[in-house]
Amino acid sequence: MAFYILWLKRVLFSAKTVFQFSSLFSLFGLILAVAVLTVAVLAVNGFSSGLEKALVDKQGHLRIQSDHGVLKEDLLEITEDYKDFFDKTVFFLSFEALIVKGQSFKGAFFEAIEDKKLKSLSFLKNRMIEGHLDFSSTFVVLGSELAEELNLSVGSKVSVIVSQGLNLSRKQAQFKLAGIIDFGRYEFNSFFALMPLSSSQILGFNQVSGMSLWLKDKSRVAFLKRELSQALPPHYSIQSWKDSDRAFFEIIESDKKIIFFVLLILIISAGFNVSSSLYIQVFKRTKEISILKAMGIKRTAIRNLFLLNGFILGAFGSALGLILCLYICAILIFLKNQCHYIPSQD
Numbered sequence: 003m004a005f006y007i008l009w010l011k012r013v014l015f016s017a018k019t020v021f022q023f024s025s026l027f028s029l030f031g032l033i034l035a036v037a038v039l040t041v042a043v044l045a046v047n048g049f050s051s052g053l054e055k056a057l058v059d060k061q062g063h064l065r066i067q068s069d070h071g072v073l074k075e076d077l078l079e080i081t082e083d084y085k086d087f088f089d090k091t092v093f094f095l096s097f098e099a100l101i102v103k104g105q106s107f108k109g110a111f112f113e114a115i116e117d118k119k120l121k122s123l124s125f126l127k128n129r130m131i132e133g134h135l136d137f138s139s140t141f142v143v144l145g146s147e148l149a150e151e152l153n154l155s156v157g158s159k160v161s162v163i164v165s166q167g168l169n170l171s172r173k174q175a176q177f178k179l180a181g182i183i184d185f186g187r188y189e190f191n192s193f194f195a196l197m198p199l200s201s202s203q204i205l206g207f208n209q210v211s212g213m214s215l216w217l218k219d220k221s222r223v224a225f226l227k228r229e230l231s232q233a234l235p236p237h238y239s240i241q242s243w244k245d246s247d248r249a250f251f252e253i254i255e256s257d258k259k260i261i262f263f264v265l266l267i268l269i270i271s272a273g274f275n276v277s278s279s280l281y282i283q284v285f286k287r288t289k290e291i292s293i294l295k296a297m298g299i300k301r302t303a304i305r306n307l308f309l310l311n312g313f314i315l316g317a318f319g320s321a322l323g324l325i326l327c328l329y330i331c332a333i334l335i336f337l338k339n340q341c342h343y344i345p346s347q348d
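Going by our numbering, the sequence shown opens with residue 3, and the numbers climb by one from there.
Here it is in C-alpha cells:
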C-alpha cells in the first residue's frame, strides 16, 4: 500500500503532471459533462414533479364527477369502503361563466369548493400571490393571468354571468375579488377561478359536480381508480391527475431518456479524453516503468498504478462536476425566485 501511495504522490500530485495542459483540459471536460448531465436530468425531473404537484394540488389524485350533477350521499356511500386510503376528500362544483368588469369580459372555468375544505387546502396558502380568503362576503379567487388580462386587483368587484337550463336563462351576481393565485400552469392561470360552494348558490346551483380525492399513498392511484370505476354508476366518470395530460407526461418521459442518452455520450467522450491523457503519461514515464520492472515489480502492479491514477482523476472530476451542478442549481433557483407576478392596479 505504501508503494502505491508513493507512486501517486510522484505521478498524480507532482506539479509537472497536474499542470499539463492535456490533463487539465480532459479533467475540465469531465467536470463540465457531469455537471451538464446532472443539471439537465434534475431540470426535467423538476419540471415533471412541479407539473404533477400543480395538478394534484388543484384536483387531487383522483376525481369522480358527473355532467348531470351528483348527490353527496351517493358518493360517500360508494367511497365508504376505501376511505382508509384517503388523506382528504373535497366536494366541488364545476361550471363555465362569464366574468365582467366594466367594458372588459372573459369566459372562465369556475370551481366551487366546500367552504370548510377551501380553508384547509394547502395549495391556496402556498400559491396565493396576493390577498386572502374573506368568508364574510361572497368572493372569487382568480388565476394570475386572468386577473391581469381583466386589469383586476384584490378588492375589485366583478360580475359573474352564467346560463342554465334548456332555455339558457341567465343568472348574474356580483363578487369580490379576494385573491390572485398562481396555479403553477399558464393554462390554469389564464382561465381558472375558485369560489366557495356557498357563493355558487347565489347563481342558482344546488348540486355538486363530483368529489376530489387526495390519497395517503399516490402509488395506489391505479388500484383505486380501477376499483372505484367498477363501483360507480354508468353516468359517473373517474380520472386520475395524470389522465388529463397523459400524452404530455409521455412526451416528458421520452425526452428525459433522449436527453440522458445524448449527455451520457458527452460523459463517455470526456472519459476517453481522460484515458488518452493517461495513455500519453504512460509513454512519458517509460524510464520510471523500466526502473520499476528492474526492481522486480510485476506488470499487473504497474498496470494497477495507472488504473488507480485514472480512477482518482475520474472520481475527482465527477465530484467537482456535482459541486458545479449544485452551484448552477442554486443560481437557477435564485433567478426563479426573483421572477414574481406583479398585479395590475385597478
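Glycine residues also receive a C-beta, built at the ideal position from the N, C-alpha and C atoms.
- Ranked by Cα distance from residue 43, the first of 317, 254, 288, 108 is 254.
- In the structure shown, the three-state DSSP call for residue 89 is strand.
- Using a Cβ distance threshold of 8 Å, residue 177 and residue 156 do not count as a contacting pair.
- Taking a cut-off of 8 Å for Cβ pairs, the stretch 252 to 272 and the stretch 120 to 135 do not touch, as fewer than three such pairs fall below it.
- Take the alpha-carbon of residue 213 and the one of residue 179: they are about 25 Å apart.
- Three or more Cβ pairs drawn from the stretch 51 to 64 and the stretch 202 to 221 lie within less than 8 Å of each other, which places the two stretches in contact.
- Assignment of residue 107 by DSSP, reduced to helix, strand and coil, places it in the strand class.
- Here residue 116 carries a coil assignment [DSSP, helix/strand/coil].
- Distance check between residue 139 and each of 201, 34, 267 places 201 closest, using alpha-carbon atoms only.
- Taking the CA atoms as reference points, residue 273 sits about 11 Å from residue 30.
- In this structure residue 39 touches residue 269 by the C-beta definition: roughly 6 Å separates them, less than 8 Å.
- Here the stretch 104 to 121 lies against the stretch 195 to 209, with 3 or more beta-carbon pairs under 8 Å apart.
- The C-beta distance from residue 36 to residue 320 rounds to 5 Å, short enough to fall under 8 Å.
- Inter-segment contact for the stretch 147 to 154 and the stretch 87 to 95 is absent: fewer than three beta-carbon pairs are separated by less than 8 Å.
- In the DSSP assignment, residue 177 forms a beta bridge with 160.
- In this structure, residue 119 lies away from residue 135, with their beta-carbon atoms at least 8 Å apart.
- Residue 133 carries a strand assignment under DSSP once its states are collapsed to helix, strand and coil.
- Cβ neighbours of residue 224 within its own chain (closer than 8 Å, five residues either side excluded): 242.
- The shortest CA-to-CA distance from residue 183 to any of 215, 281, 148 is the one to 148.
- Counting only runs of 4+ residues, the alpha helix (DSSP H) found wholly inside the stretch 218 to 299 occupies 223 to 233, 248 to 286, 288 to 296, in chain order.
- Inclusion of residue 190 and residue 74 in the CB contact set at 8 Å is not warranted, their separation being larger than that value.
- A check of alpha carbon separations from residue 33 across 330, 72, 318 identifies 318 as the nearest.
- The continuous beta strand (DSSP E) containing residue 144 extends over residues 141 to 145.
- Less than 8 Å divides the Cβ of residue 97 from the Cβ of residue 207.
- The alpha carbon of residue 82 has as its nearest neighbour, out of 265, 230, 290, 239, the alpha carbon of 230.
- The beta carbon of residue 64 lies closer than 8 Å to those of 214, 215, 217, 223, 226, 227, 230, 240, 241, 242, 243 in the same chain, with the five residues before and after it left out.
- Secondary structure of residue 305 (DSSP, three-state): helix.
- The C-alpha of residue 334 is placed about 41 Å away from the C-alpha of residue 85.
- Residue 39 sits in a helix when the DSSP states are folded into three classes.
- Looking at the DSSP output, residue 212 shares a beta bridge with 67, 94.
- In the structure shown, residue 207 adopts coil according to DSSP, grouped into three states.
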